[in-house]
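Engineer: Following this message is one structure expressed as C-alpha cells.
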Amino acid sequence: MTGYFPTAGAFLITFVFGFYILSIMLRFLLQAVRADFYNPLSQFLVKITNPPLRPLRRLIPGLGGLDMAAVVLMLALQMLEMFILAWLAGASMHPWVLFVFALTELLSLLLYVFLFGILILVVVSWIAPHAHNPITGLVRQLTAPVMRPIQRRLPVFSGLDLSPLIALVVLNLLIMAIPYLRASLISLM
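Using the numbering used here, read the sequence shown as starting at 20 and increasing by one per residue.
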C-alpha cells in the first residue's frame with residue numbers, strides 16, 4: 020500500500036474500528052467488574068454500543084455474568100478490520116490466521132486498557148492525591164481486579180504503594196508474550 024490515499028484510508032479504517040472496539044471492550048470490562056452504571060462515561064459507552072449489542076444479546080447469551088455478545092462483536096469487528104486492511108493491501112489471510120490475529124489483538128488491547136488505567140491512577144495520585152472525579156473512580160473500579168491481588172500480597176512500604184509498579188511490570192511481560200502466543204497458535208494450523 021503506497022501513496023497518500025491508501026495510507027490515509029488504512030489510518031481511518033484503523034481509527035474507526037479501533038475506537039469502536041475499544042468502546043465495546045471498556046463497556047464489557049465495566050460490566051464485568053460491576054462498575055458504576057450511572058457514571059457519565061459508562062452512559063456514553065452504553066449509548067454508542069447498544070445498537071449492535073442489543074440484537075446480538077438475543078442470539079448470544081451471557082456466560083457466567085460475562086457479556087458474550089460483546090466478546091463476539093469485538094472479535095467480529097477486529098476480524099473485519101484486519102480483512103479490509105489486508106484486502107486494501109492486496110493480500111489475503113487464511114481464516115484461522117485472521118482469527119488468531121484478531122484474538123491476540125483483542126488480548127493485547129485488554130492488557131493495554133489495564134496498563135493505561137493503572138498509569139492514569141498513578142499520575143492522578145501524584146498530581147491530585149485526594150481529588151475525586153467520576154472518571155478516576157471508574158478507572159479505579161476497572162483496574163481493581165488487577166491491583167487487588169497484588170495489594171493483598173504486597174505490603175505498603177513507608178506509605179509507598181508499590182503494587183502499581185508490580186502490576187505494570189507483569190502487564191508489560193504479558194504484552195511482550197503476545198507475539199509468541201500468536202506464532203504458536205498460527206503454527207497449529
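Virtual Cβ for every residue (Gly too), placed ideally from N, Cα, C.
For a cutoff of 8 Å on Cβ pairs, would you count phenylalanine 120 as touching chain B?
Structural biologist: Of the protein chains in the structure, only one exists, and it is not chain B.
Engineer: Here's the rule I'm using: 16 or more other beta-carbon atoms within 10 Å means buried, otherwise exposed. How should isoleucine 154 be labelled?
Structural biologist: That one is exposed.
Engineer: Out of Leu48, Pro59, Leu104, Leu64, which one is the CA nearest neighbour of leucine 31?
Structural biologist: The residue with the shortest Cα to Cα distance from leucine 31 is Leu104.
Engineer: Does DSSP classify leucine 126 as helix, strand or coil?
Structural biologist: Helix at leucine 126.
Engineer: The ligand ATP heavy atoms versus the CB of phenylalanine 34: any closer than 7 Å?
Structural biologist: Summarising the ligand content, the structure contains no ligands, and the ligand ATP is consequently not present.
Engineer: Just the Cα atoms here: how many angstroms apart are methionine 93 and arginine 172?
Structural biologist: Using only the alpha carbons, I get a separation of about 34 Å.
Engineer: Tell me the DSSP bridge mates of leucine 176?
Structural biologist: The amino acid at residue 176 is misidentified as leucine; the sequence shows phenylalanine. Paired residue(s): Leu179.
Engineer: Identify whether leucine 104 lies in helix, strand or coil by the three-state DSSP scheme.
Structural biologist: Helix.
Engineer: Taking just the CA atoms, how far does leucine 134 sit from valine 141?
Structural biologist: Spanning the two alpha carbons is a distance of roughly 11 Å.
Engineer: With 16 other CB atoms within 10 Å as the buried threshold, where does valine 158 fall?
Structural biologist: It is buried - the Cβ of valine 158 has at least 16 other Cβ atoms within 10 Å.
Engineer: Using the Cα positions of methionine 166 and phenylalanine 118, report the straight-line distance between them to the nearest angstrom.
Structural biologist: So the two alpha carbons sit approximately 30 Å from each other.
Engineer: Does serine 182 pass the burial test, meaning 16 or more other C-beta atoms within 10 Å, or should it be called exposed?
Structural biologist: Result: buried.
Engineer: Please classify leucine 78 as buried or exposed, where buried requires at least 16 neighbouring CB atoms within 10 angstroms.
Structural biologist: That one is exposed.
Engineer: From the DSSP output, read off the bridge partner residues of leucine 82.
Structural biologist: In the DSSP output, where bridge partners are listed per residue, leucine 82 has Leu85.
Engineer: Check whether the region 72 to 87 and the region 46 to 54 touch, using three or more Cβ-Cβ pairs below 8 Å as the test.
Structural biologist: Yes, they touch.
Engineer: In the structure shown, what three-state DSSP assignment does proline 148 receive?
Structural biologist: The answer is coil: DSSP assigns proline 148 none of H, G, I, E or B.
Engineer: Residues in its own chain within less than 8 Å of arginine 201 by CB, not counting five upstream and five downstream?
Structural biologist: Val119, Phe120, Thr123.
Engineer: Out of curiosity, what's the CA-to-CA distance linking tryptophan 115 and serine 203?
Structural biologist: Looking at the two C-alpha atoms, the distance is approximately 12 Å.
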